[in-house]
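At the far end of the sequence shown sits residue 286, using full-length UniProt numbering, and the numbering has no gaps.
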Amino acid sequence: MDTPATRHTAVNTHTRFAEVKGRRIAYRDIGQGLPIILCLRFRGVLDSWDPAFLDALAVNHRVITFDYSGLGQSTGKPSYLRVNMAQDAVDLADALGLEQFIIGGWSLGGIAAQVVARLHPERILKNILIGTTPPGKVRVGPKPVFYERALKPVNDLDDETVLFFHPESQKSRAAAVASHNRIAARTTDVSPAIPIDTVLKLLDESKGEDIFVDDNGYRDFLKTTHIPALVISGDHEIVFPVENWFDVVPETKSVHLLVLPQMGHGPQHEAPQICADLITSFIKNG
Numbered sequence: 001m002d003t004p005a006t007r008h009t010a011v012n013t014h015t016r017f018a019e020v021k022g023r024r025i026a027y028r029d030i031g032q033g034l035p036i037i038l039c040l041r042f043r044g045v046l047d048s049w050d051p052a053f054l055d056a057l058a059v060n061h062r063v064i065t066f067d068y069s070g071l072g073q074s075t076g077k078p079s080y081l082r083v084n085m086a087q088d089a090v091d092l093a094d095a096l097g098l099e100q101f102i103i104g105g106w107s108l109g110g111i112a113a114q115v116v117a118r119l120h121p122e123r124i125l126k127n128i129l130i131g132t133t134p135p136g137k138v139r140v141g142p143k144p145v146f147y148e149r150a151l152k153p154v155n156d157l158d159d160e161t162v163l164f165f166h167p168e169s170q171k172s173r174a175a176a177v178a179s180h181n182r183i184a185a186r187t188t189d190v191s192p193a194i195p196i197d198t199v200l201k202l203l204d205e206s207k208g209e210d211i212f213v214d215d216n217g218y219r220d221f222l223k224t225t226h227i228p229a230l231v232i233s234g235d236h237e238i239v240f241p242v243e244n245w246f247d248v249v250p251e252t253k254s255v256h257l258l259v260l261p262q263m264g265h266g267p268q269h270e271a272p273q274i275c276a277d278l279i280t281s282f283i284k285n286g
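Set out below in structure tokens:
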């Protein structure tokens, strides 16, 4: 068992590699307990997660994060097609010998997580969805400021504040600085940022799709499945407005929606301990 001096944390744990179907999936693995595989956001890599959130979650669970194929430290062909991102998570679970696991995701990763649950329901214990969208047509789309900031060649702290926090709140701006500094604390074995040319190419390849087009019964599955799902969203969500969940949740059997006030697209970075506590309680009791 790890001692306090040797305990693996999100900042000091080594990146590992799973050889799967001719490619290497880079992943990190901390904590013990029921395994949680977390799927990344748009333009995200292993080092896009706030270490405080991962460490708080790893107190009670085995937390596994990874780079999608061809991005960050992973090899293979990169893709933002949701089925391909979901397959990365499933292939990693297979490589780690996980027959059943909790699937989770942030933003774009929340879409991938829902696809995993739809295609492999027998393997999913629970579904954790952060700052993401339900399947199918939605009433409220992303705010224009999201595209203005998210497609800049390089995002700085001010961009992060606008994209993931609530820039009109002094408390939220302070939380953005704190989260940025926690992420920056890891200085070795860091996954490289995704070049903007690659981002634009991936977007171009998937431009024929709606954000989460319902072409495989995803929405009906969400409404009828008994797999417990926890949706965590900020009330200042500029990418996937939380109002769209209001249209879906009342028709479901097992989706639980939590809206956190004065928070944006990254509530788990603004309030890492609170979000980890909510997820832990949901996994235990949901």
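No residue lacks a Cβ here, since even glycine has one placed at the ideal position from N, Cα and C.
Integer-rounded CB distance, given that residue j should sit under 8 Å from residue i
i, j, result
"Ser206", "Leu81", "6 Å"
"Leu230", "Ile128", "5 Å"
"Ile30", "Leu92", "Rounded, the Cβ-Cβ distance is 15 Å, inconsistent with contact."
"Pro142", "Ile238", "7 Å"
"Asp67", "Ile183", "In fact, because the Cβ distance is near 15 Å, the residues do not count as touching under 8 Å."
"Arg139", "Pro51", "About 35 Å separates the two Cβ atoms, so there is no contact after all."
"Ile102", "Ile283", "6 Å"
"Ile211", "Thr133", "6 Å"
"Phe240", "Gly131", "6 Å"
"Thr75", "Arg16", "Rounded, the Cβ-Cβ distance is 14 Å, inconsistent with contact."
Residue i, buried or exposed, once every other Cβ within 10 Å from all chains shown has been counted against 16
i, result
"residue 296", "Since the displayed the chain opens at 1 and closes at 286, residue 296 lies outside it and no answer follows."
"Pro267", "buried"
"Ile279", "buried"
"Leu260", "buried"
"Glu19", "exposed"
"Ser281", "exposed"
"Asp88", "buried"
"Pro272", "buried"
"Thr161", "buried"
"Lys253", "exposed"
"Val177", "exposed"
"Lys137", "exposed"
"Pro135", "buried"
"Val213", "exposed"
"Leu200", "exposed"
"Asp158", "exposed"
"His226", "exposed"
"Asp55", "buried"
"Asn285", "exposed"
For residue i, the nearest candidate out of the options (CA to CA)
i, options, result
"Val248", "Ile274, Asp220 and Pro153", "Asp220"
"Tyr27", "Lys21, Leu40, Gly33 and Gly264", "Leu40"
"Gly33", "Leu71, Gln100 and Gln73", "Gln100"
"Tyr218", "Gly70, Gly234, Gly131 and Ala113", "Ala113"
"Arg173", "Ile274, Val154 and His269", "His269"
"Phe146", "Ile124, Pro134, Ser107 and Lys171", "Ser107"
"Ser169", "Val199, Gln262 and Ala95", "Gln262"
"Leu71", "Val20, Ala276, Ile194 and Val242", "Ile194"
"His14", "Ile124, Asp189 and Ala271", "Asp189"
"Ser79", "Trp49, Gly44, Ala56 and Arg62", "Gly44"
"Glu251", "Asp235, Leu151 and Leu222", "Leu222"
"Leu257", "Gly264, Ala175 and Trp245", "Trp245"
"Pro153", "Leu163, Ile196, Asp214 and Arg62", "Ile196"
"Gly234", "Asn285, Lys77 and Phe165", "Phe165"
"Ile25", "Leu96, Ala10 and Leu54", "Leu96"
"Glu148", "Pro135, Leu163 and Leu157", "Leu163"
"His8", "Gly22, Gly76 and Leu57", "Leu57"
"Thr224", "Asp159, Ala117 and Asn181", "Ala117"
"Lys171", "Ala150, Glu243, Phe53 and Gly264", "Gly264"
Beta-bridge partners of residue i, as assigned by DSSP
i, result
"Asp29", "Ile64"
"Arg149", "Arg149 pairs with nothing; no bridge assigned."
"Val248", "Its beta-bridge partners do not exist; DSSP assigns none."
### Query
Can you give, in chain order, each stretch of the beta strand (DSSP E) that sits fully within the stretch 162 to 246 and has at least 3 residues?
If one requires a minimum length of 3 residues, the beta strand (DSSP E) runs lying completely within the stretch 162 to 246 are 229 to 234, in chain order.
### Query
What residue ranges within the stretch 114 to 141 form continuous beta strand (DSSP E) runs of no fewer than 3 residues, ordered along the chain?
Correct list: 124 to 130.
### Query
Residue ranges of each beta strand (DSSP E) run of no fewer than 3 residues wholly in the stretch 45 to 95, ordered along the chain?
With a minimum length of 3 residues, the continuous beta strand (DSSP E) runs that stay inside the stretch 45 to 95 are 62 to 66.
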